[in-house]
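What follows is one structure encoded as structure tokens, with my remarks underneath.
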Amino acid sequence: MARSSCYDKNGLKKGAWTEDEDNKLAAYIQRYGHWNWSLLPKFAGVSRSGKSCRLRWMNYLRPNLKHGNFTEEEDNVIVGLHNKIGNKWSTIATKLPGRSDNEIKNRWNTHLKKRALDDQTVSESEHAGILEPDHANPKVYSVKETYLKLQEDGGILFPELLYSDQLPSSPSSSGLFSCWSSGIESTVSSDLTPQTFDDEMVGNFWTEPFIPDNDTIIPSGINLWSPFNFVNDFIYQYSSCQDVLMTNEFPWTAYNTHVEDNSEIN
DNA sequence: AATAGGTTCAACCGCGAGTGA
DNA sequence: ATCACTCGCGGTTGAACCTAT
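Sequential numbering of the first sequence, starting at 2, is according to this note's numbering.
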């Protein structure tokens, strides 16, 4: 169902992603994070725009993403929240673990919009006294129940989502912190040692496209490293490289502040 | 079996917000 | 204050897939 591939005037590929591109992108981000989307494709070794890479990661490759059929409960959450806040797909997505905003938007446009319109039509007919209320229709009432539950829970439907409130507040929405935020969605395994920064890694990371090894394909749901450990190690051992980092627009000031504020996390 | 029309969903596009120089 | 840049969001598109005839 994907679009056929082609190249734009800048030589960047557009259209459907190949398995090879997916592997390169996923392996790179799981190893290094998405520190800068516009520069990332070059380092990951894919001929795509940063925007395209971000979209592919967020909507398809990100760990813990669900694919496939929506449950009745998920549908009810979407309908309920849409009634409340409108087309705020990213906000709705925060209430549905494992669903991307794009997927929710598609779900609404292809299935739920019609259902909501039907419900509205029935509701208006009832209000006008044209039809008796249909007590046998569970859909209308389950949406209402979802509303009530959302209100009871203070807007958070799933208790397991509470971790999102425990995320360190980010001084910047970009770079390292967004990668950490997305990474925390996956299981951070405490028994995995963060990668150390050896000479070879430094050279490859900043000067050469990333070529995933056979063993860099990381099972879904497992993060090998924390960006805090990653950069801490880097600063500690290779602080002379800071100029290089700054030319790549690394958010040093924000990072340092953030590390100070949240050092207990590690 | 062929095909026309409808449906689905991955991916693109444009825009606005945020940030730093 | 202004400009340049990145990021993220929401609307839209287009090709594959499905279904009815």
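Every residue gets a Cβ at the ideal spot worked out from N, C-alpha and C, and that includes glycine. All figures in this text were calculated on a predicted structure; none of them were measured in a lab.
State the DSSP-derived secondary structure class of Lys67, mapped to helix, strand or coil.
coil
Within a Cβ cutoff of 7 Å, which residues of the same chain sit near Lys106, ignoring the five residues on either side of it in sequence?
Trp90
Between Ala28, Pro64 and Lys115, which lies nearest to Pro98 when the distance is taken from Cα to Cα?
Pro64
Out of Asn60, Glu22 and Met59, point me to the one whose CA is closest to Pro42's CA.
Glu22
The alpha helix (DSSP H) enclosing Leu82, as first and last residue numbers
Glu73 to Ile86
Across the segment 107-117 and the segment 78-87, are there enough close Cβ pairs to call them in contact, namely three or more that are closer than 8 Å?
yes
Taking the DSSP output, what are the residues bridged to Tyr8?
Lys14
Quick one: give me the first and last residue of the alpha helix (DSSP H) that Asn110 is part of.
Neither: Asn110 is in no alpha helix (DSSP H) and is coded neither H nor E.
For Lys52 and Trp38, what's the separation of their Cα atoms in angstroms?
7 Å
Start and end residues, alpha helix (DSSP H) containing Ser91:
Trp90 to Ala94
Between the Cα of Arg100 and those of Lys114, Glu73, Met59 and Leu113, spot the shortest distance and give me the residue it belongs to.
Met59
Put Leu40 into one of helix, strand or coil per three-state DSSP.
coil
What does the alpha-carbon distance come out to for the pair Ile30 and Thr19?
17 Å
On a CA-only basis, which of Ala28, Thr92, Asp9 and Leu62 is nearest Ser50? Give me that one, please.
Asp9
Give the straight-line distance between the Cα atoms of Gly34 and Asp102, rounded to the nearest whole angstrom.
21 Å
Please classify Leu56: does DSSP put it in a helix, a strand, or coil?
helix
Does the Cβ of Phe178 have 16 or more other Cβ atoms within 10 Å, making it buried, or fewer, making it exposed?
Reliability fails at Phe178, whose pLDDT of 35 lies under 50, so the model's placement of it is uncertain and the value that follows must be treated cautiously. Buried: at least 16 other Cβ atoms inside 10 Å.
Please work out which residues of its chain come closer than 7 Å, Cβ to Cβ, to Ala94, disregarding the five sequence neighbours upstream and downstream, and give them in chain order.
Arg100, Ser101, Asp102 and Ile105
Leu62 and Ala27 look like a contact to me (Cβ under 8 Å); what is the Cβ gap, rounded to whole Å?
5 Å
Taking the C-alpha atoms as reference points, what is the distance between Trp36 and Gly46?
15 Å
Within a Cβ cutoff of 7 Å, which residues of the same chain sit near Lys14, ignoring the five residues on either side of it in sequence?
Ser6, Tyr8, Ser48 and Arg49
Out of Gly69, Lys67, Leu40 and His68, which one is the CA nearest neighbour of Arg55?
Leu40
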